[in-house]
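For the sequence shown, the working numbering begins at 72 and goes up steadily by one.
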Amino acid sequence: IGAEHGVEPLSACSVVLAPVRADGETVGTVGVLGPTRMNYPQALATVDLVSDRLGRRLTEN
72 IGAEHGVEPL SACSVVLAPV RADGETVGTV GVLGPTRMNY PQALATVDLV
122 SDRLGRRLTE N
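What follows is the structure in structure tokens.
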């Protein structure tokens with residue numbers, strides 16, 4: 072969070088990531104880059120939802 076990543080232009084930013092899984096394998100990652108004071112519960116819920124739906128769609132096809 073913030074300065075922990077060592078990239079000065081992004082020192083006011085945080086990242087929320089979730090793996091995308093299809094057929095039991097991790098096939099990608101989705102995420103949000105936002106301010107350090109973003110609404111984390113909302114960001115986590117949104118990223119998890121997108122990850123789950125994308126994984127399901129990839130598994131269907």
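A virtual CB, placed ideally from N, CA and C, is assigned to each residue, including glycine. Since the structure is predicted, the reported quantities are computational estimates derived from the model, not experimental observations.
Can you tell me which of the three DSSP states residue i falls into?
{"i": "ALA93", "result": "strand"}
Hey, could you find the ends of the alpha helix (DSSP H) residue i is sitting in?
{"i": "GLU131", "result": "111 to 131"}
On the CB-based measure, 16 or more other CB atoms within 10 Å of its CB, does residue i come out buried or exposed?
{"i": "ALA89", "result": "buried"}
{"i": "GLY126", "result": "buried"}
{"i": "SER122", "result": "buried"}
{"i": "VAL78", "result": "exposed"}
{"i": "VAL91", "result": "buried"}
Give a yes or no on whether the C-beta atoms belonging to residue i and residue j are separated by under 7 Å.
{"i": "VAL87", "j": "VAL101", "result": "no"}
{"i": "VAL103", "j": "ALA114", "result": "yes"}
{"i": "ALA93", "j": "LEU120", "result": "no"}
Spell out the partners DSSP gives residue i in its beta bridges.
{"i": "SER85", "result": "GLY105"}
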